[in-house]
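Report on the structure given below.
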Amino acid sequence: MTRDEITAGLAEILEEVAGVSPDDVAEGKSFTDDLDVDSLSMVEVVVAAEEKFGVKIPDNEVQNLKTVGDAVSYIEAQS
Amino acid sequence: MTRSDVVVTGLGATTPLGGDVASTWDAMLNGRSGVSALTQEWAEQLPVRIAAQLAVDPAIVLDRVKLRRLDRSEAIALIAAHQAWADAGLADARPDGERVGVSIGSGIGGAVTLLAQDDILEASGPRRVSPHTVPMLMPNGPAAWVGLELGAQAGVHSVASACATGAEAIALGLDMIRSGRADVVVAGGTEAVIHPLPIAGFASMRAMSTRNDEPQRASRPWDKGRDGFVLGEGAGIVVLERAEHAAARGARVYARLAGSGITSDGYDIVQPHPEGAGAIRAIEKAIADADVAKSDIVHVNAHATSTPVGDLAEIKALHQALGDHPVLTATKSMSGHLLGAAGALESIATILAIRDGVVPPTINLDDPDDSLDLDVVTNKAREMSIEAALNNSFGFGGHNVALVFTRV
Numbered sequence: 001m002t003r004d005e006i007t008a009g010l011a012e013i014l015e016e017v018a019g020v021s022p023d024d025v026a027e028g029k030s031f032t033d034d035l036d037v038d039s040l041s042m043v044e045v046v047v048a049a050e051e052k053f054g055v056k057i058p059d060n061e062v063q064n065l066k067t068v069g070d071a072v073s074y075i076e077a078q079s
Numbered sequence: 001m002t003r004s005d006v007v008v009t010g011l012g013a014t015t016p017l018g019g020d021v022a023s024t025w026d027a028m029l030n031g032r033s034g035v036s037a038l039t040q041e042w043a044e045q046l047p048v049r050i051a052a053q054l055a056v057d058p059a060i061v062l063d064r065v066k067l068r069r070l071d072r073s074e075a076i077a078l079i080a081a082h083q084a085w086a087d088a089g090l091a092d093a094r095p096d097g098e099r100v101g102v103s104i105g106s107g108i109g110g111a112v113t114l115l116a117q118d119d120i121l122e123a124s125g126p127r128r129v130s131p132h133t134v135p136m137l138m139p140n141g142p143a144a145w146v147g148l149e150l151g152a153q154a155g156v157h158s159v160a161s162a163c164a165t166g167a168e169a170i171a172l173g174l175d176m177i178r179s180g181r182a183d184v185v186v187a188g189g190t191e192a193v194i195h196p197l198p199i200a201g202f203a204s205m206r207a208m209s210t211r212n213d214e215p216q217r218a219s220r221p222w223d224k225g226r227d228g229f230v231l232g233e234g235a236g237i238v239v240l241e242r243a244e245h246a247a248a249r250g251a252r253v254y255a256r257l258a259g260s261g262i263t264s265d266g267y268d269i270v271q272p273h274p275e276g277a278g279a280i281r282a283i284e285k286a287i288a289d290a291d292v293a294k295s296d297i298v299h300v301n302a303h304a305t306s307t308p309v310g311d312l313a314e315i316k317a318l319h320q321a322l323g324d325h326p327v328l329t330a331t332k333s334m335s336g337h338l339l340g341a342a343g344a345l346e347s348i349a350t351i352l353a354i355r356d357g358v359v360p361p362t363i364n365l366d367d368p369d370d371s372l373d374l375d376v377v378t379n380k381a382r383e384m385s386i387e388a389a390l391n392n393s394f395g396f397g398g399h400n401v402a403l404v405f406t407r408v
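Heads up: the sequence lines are chains C and Z, in that order. At position 2 of the first sequence (counting the first as 1) the number is 2 in full-length UniProt numbering, and the numbers step up by one without a gap. At position 123 of the second sequence (counting the first as 1) the number is 123 in full-length UniProt numbering, and the numbers step up by one without a gap.
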C-alpha cells in the first residue's frame with residue numbers, strides 16, 4: 001500500500017468518526033491542531049485504523065502520532 | 001430579603017406529537033395521539049408492541065458526527081434546550097454564563113447506549129467499545145451537554161426521580177434562582193428508552209398497556225378500560241428566569257412559576273400511596289409556596305398515566321388537597337408517558353394553557369371510571385380563563401412533585 005493510499009484510508013476514517021473533510025487531510029496536518037480531532041475521537045480513529053490496515057497501534061505509540069504523516073509512516077512500517 | 005419572582009421566558013420540546021413546542025401544542029389542542037405500533041423486528045416477541053415515538057428523528061436536526069457521541073436522550077435534550085434558549089431570546093442576548101444554570105434529568109438515562117455497547121463488547125471485545133460510552137450513558141450527560149453548549153457556569157444538575165424527574169428538575173431550577181445562585185436556569189427532562197429491555201421490564205411489572213391492536217386508543221387515563229401506560233420518548237425544556245432579569249432585558253414572559261411542593265411517600269418502591277397522602281402534601285406545599293388559595297387553582301394537568309391504581313389515587317389526592325372545582329386534563333392520553341420528561345412536557349402544556357386560555361382534551365375517556373367525579377376536559381379543547389394551574393408528577397420510588405404556575 002502506498003503512502004497516498006494509506007492517507008486516503010485515514011481520510012475516510014476521519015470523515016466517518018470526526019466529520020473531517022477528506023480535502024483537509026494531508027500528511028503535514030496535525031490531528032488535534034489542524035483537524036480538530038479530540039482525544040476520544042482519536043481513540044476511535046486508532047481502533048478503526050487497526051481494523052482497516054490490519055496493524056496494531058499500542059496506546060503508547062498513539063502519543064507519537066501527531067500528524068497524519070506520522071500515522072502513515074507507522075502504518076507503512078507495520079504492514 | 002424579598003424572595004425573587006421566577007418567570008418562564010422560553011419553551012422547547014421534541015415529542016411524539018411534534019418536533020417543537022408549536023406543533024406539539026397544536027396536536028394536543030386537536031386531540032391527536034402520538035402513539036403507534038412498534039414495527040421493528042425486536043418488538044415481535046414483546047407483550048407490548050406500541051409506543052409514542054418521536055415525531056421528528058433527531059438525525060434530521062443534528063449532524064451525523066455529533067449524534068455519534070450522544071445518547072438519544074442527550075441529543076433530544078440538546079434540541080429542546082436550543083429551542084428554548086432561542087425562544088427566550090437568549091441566543092442573541094448572551095447572558096453572563098456564571099449566572100446561568102442547568103437542571104435537566106432523565107428517569108432512566110443512557111440505558112440504550114449501555115445495551116448497545118454491551119452488544120459490541122460481547123461480539124467484538126473491549127477494544128471496540130466506544131470511547132464515548134461513558135459520557136453517553138452517564139445520567140448527568142443531558143444536563144452536562146446542555147450546560148456545555150449554552151455556556152452555563154452557575155452549576156449543572158441532573159435530578160433523578162423516575163417519572164417525577166422533569167417536574168423536580170424545574171422545582172430545583174426555581175430553588176436555584178430564589179437562592180440567588182443563578183438568574184437563568186434551563187430546566188426540564190429528557191427520555192429515550194424505546195428499546196426491548198426497558199419495555200420488557202415495565203411489561204413484567206404489568207405497568208404497560210397491551211392494547212397492541214389499537215395503539216392510538218391505548219393511553220386512556222381514568223377510563224374503565226385503561227390497562228397501563230404507553231411508553232413515550234421526548235424532551236421538554238423551559239427557561240426559568242429571575243423576573244427582574246427578564247424585565248431588564250425586555251423578555252417575553254409566558255407565565256410565572258409561583259411555587260413547588262416536593263414530598264416522598266415512604267410507603268412502597270413502586271405503588272402509590274392508596275390515599276395519595278404524599279401527593280396531597282406535595283400539592284398543599286406547592287399552593288402554600290405559591291401563596292395562592294386552593295380556589296385559585298382552576299386547572300390541573302394531572303399525572304394520570306392510565307394505570308388502574310395510580311389514576312384513582314391522584315383523584316383522591318386532588319379532592320382532598322383542592323376540592324371539586326378544578327378542571328382536569330391528562331395530556332399523556334395523547335403524548336404517551338415520557339417518564340423523566342413527562343413533568344417537563346406537562347409543565348409546558350400547563351404554561352400554554354394559562355397563556356392561551358385553553359385546556360387541551362383528554363382523549364380516549366369513553367367510559368369514565370365510577371370514581372372519577374371531577375370535571376375532565378374530554379375530546380375537544382375547552383377555552384377558559386386560567387389565573388393559576390397545577391401540574392402533578394409522581395414517580396416510582398414514591399416521589400411526588402407539584403408545580404404551580406400563574407398568569408402574569
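Where is the CB? At the ideal position from N, CA and C, for every residue including glycine.
query, result
"Inter-residue Cα distance where the pair is Z/W42 and Z/R3", "52 Å"
"Rounded distance between the beta-carbons of Z/D5 and Z/A243, thought under 8 Å", "4 Å"
"Identity of the residue in Z/R252, Z/A279, Z/A255 nearest Z/D265 by Cα", "Z/A279"
"For Z/L121 and Z/T329, the rounded distance between their alpha carbons", "45 Å"
"Selection of the stretch 38-71 of chain C by Cβ proximity to chain Z, strictly under 9 Å", "S39, L40, S41, M42, V43, E44, V47, E50, E51"
"8 Å contact criterion, which Z/M384 and Z/V292 should meet: CB distance rounded", "Not really, about 17 Å apart at Cβ, beyond 8 Å."
"Members of the stretch 15-41 of chain C that neighbour chain Z once the beta carbon cut-off is set at 7 Å", "A18, G19, L40"
"Contacts that Z/P131 makes with chain C (C-beta to C-beta distance below 9 Å)", "S39, L40, S41, M42, V43, E44, V47"
"Euclidean distance between Cα positions of residue 413 of chain Z and Z/V300", "Outside the shown range of chain Z, which is 1 to 408, sits residue 413 of chain Z, and nothing can be said about it."
"Simplified DSSP state of Z/M1, which is helix, strand or coil", "Bear in mind that the predicted position of Z/M1 carries a pLDDT of just 49, short of 50, making it too unreliable to give a figure here."
"Closest by C-alpha distance to C/S79, when choosing among C/D70, C/T32, C/K56", "C/K56"
"Beta bridge counterpart(s) of Z/S260 as assigned by DSSP", "Z/L403"
"Short CB-CB distance (under 8 Å) between Z/D118 and chain C", "no"
"Z/S250 versus Z/P196: straight-line alpha-carbon distance, rounded", "A small fix is needed here, since residue 250 of chain Z is Gly in this sequence, not Ser. Their backbone Cα atoms lie some 47 Å apart in a straight line."
"Interface flag, Z/D63 vs chain C, CB-CB below 8 Å", "yes"
"Cα-Cα separation, C/D51 to Z/S124", "Reading off the sequence, residue 51 of chain C comes out as Glu, not Asp. Roughly 12 Å separates the two Cα atoms."
"C-beta contact flag for C/V43 and Z/P308 at 8 Å", "no"
"Contact with chain C by Z/R127, beta-carbon distance below 8 Å", "yes"
"Cut-off 8 Å between Cβ atoms - residues of its own chain near Z/E74, not counting five sequence neighbours on either side", "G110, M136, G141, P142, W145, T190"
"Contact test: C/E44 Cβ vs the ligand NAP heavy atom, cutoff 7 Å", "Questions concerning the ligand NAP fall outside what the structure shown contains, since it holds no ligand whatsoever."
"Assigned exposure category for Z/L252 - 16 Cβ within 10 Å defines buried", "Rather than Leu, the amino acid found at residue 252 of chain Z in this sequence is Arg. Under this definition Z/R252 is an exposed residue."
"Test: C/E12 CB closer than 8 Å to a CB of chain Z", "no"
"C/V43 in three-state terms, based on DSSP", "helix"
"Short Cβ contact (8 Å threshold) for C/L40 with C/V25", "no"
"Residue nearest to C/D36 in terms of C-alpha spacing, selected from C/A49, C/E15, C/A48", "C/E15"
"Buried/exposed call for Z/R64, threshold 16 Cβ in 10 Å", "exposed"
"Cutoff 6 Å; reference Z/M1; Cβ partners in own chain excluding five residues on either side", "Residue placement at Z/M1 is flagged as unreliable, the pLDDT there being 49, under the threshold of 50; the coordinate-derived value follows with that caveat. Around Z/M1: no qualifying Cβ."
"Buried/exposed call for Z/L38, threshold 16 Cβ in 10 Å", "buried"
"CB of Z/G31 within 8 Å of CB of Z/N379, strictly", "yes"
"Beta-bridge pairing of Z/P368 - partner residues as DSSP gives them", "Z/D223"
"Under the three-state DSSP convention, the category Z/S103 falls into", "strand"
"Cβ-based burial, residue 463 of chain Z [other Cβ within 10 Å; buried from 16]", "Nothing can be reported for residue 463 of chain Z, as the shown portion of chain Z is limited to 1 through 408."
"Residue range of the beta strand (DSSP E) that includes Z/R281", "Unbroken run through Z/R281 is the alpha helix (DSSP H), 277-290; no beta strand (DSSP E)."
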